[in-house]
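With my numbering as the guide, the letters of the sequence shown map in order to residues 57 to 138. Here is the structure we will look at, set down as structure tokens.
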Amino acid sequence: TPTDAAVMTFVQVPAGEFLMGSPENQGFDDERPQHTVYLDEYWIGQTEVTNAQYQACVDVGACDLPQKVSSATRYVYFGNPE
Numbered sequence: 057t058p059t060d061a062a063v064m065t066f067v068q069v070p071a072g073e074f075l076m077g078s079p080e081n082q083g084f085d086d087e088r089p090q091h092t093v094y095l096d097e098y099w100i101g102q103t104e105v106t107n108a109q110y111q112a113c114v115d116v117g118a119c120d121l122p123q124k125v126s127s128a129t130r131y132v133y134f135g136n137p138e
């Protein structure tokens with residue numbers, strides 16, 4: 057059975073359209089043209105994945121260890137209890 061650290065709550069995002077990109081004369085060149093995007097419904101984690109949740113995924117063989125253990129803000133990120 058999964059530990060509490062491995063349990064995630066997912067929320068449903070309904071299908072629909074949204075505007076992606078920036079209007080003309082705004083934003084950066086790679087953000088234009090602004091256009092309509094349609095997405096089917098999907099489920100997403102309500103919060104970010106914690107290190108403990110990712111470790112549980114590694115432990116059951118469903119995920120690989122990260123290639124890097126550092127981040128932009130932490131020298132050691134994965135495995136760091138903070």
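Think of the CB as a built atom: it goes at the ideal place given N, C-alpha and C, for glycine as much as any other residue.
Worksheet entry | 7 Å CB neighbourhood of V38 in its chain, flanking five on each side removed | This structure does not reach residue 38, given that the chain is present from 57 up to 138, and the question cannot be answered.
Worksheet item: Rounded to a whole number of angstroms, what is the C-alpha to C-alpha distance between E87 and V93?
Response: 13 Å
Fill in: Inter-residue spacing [alpha-carbon to alpha-carbon] between T129 and F74
Using only the alpha carbons, I get a separation of about 32 Å.
Discussion item. If you follow the beta strand (DSSP E) that Q82 is in, where does it begin and where does it stop?
Written reply: Looking at the DSSP string, Q82 is not in any beta strand (DSSP E), and its letter there is neither H nor E.
Discussion item. I'd like to confirm the pairing. Which residues does DSSP put opposite E73 in its beta bridges?
Written reply: Y94
Worksheet item: Is A118 buried or exposed, if buried means 16 or more other CB atoms sit within 10 Å of its CB?
Response: exposed
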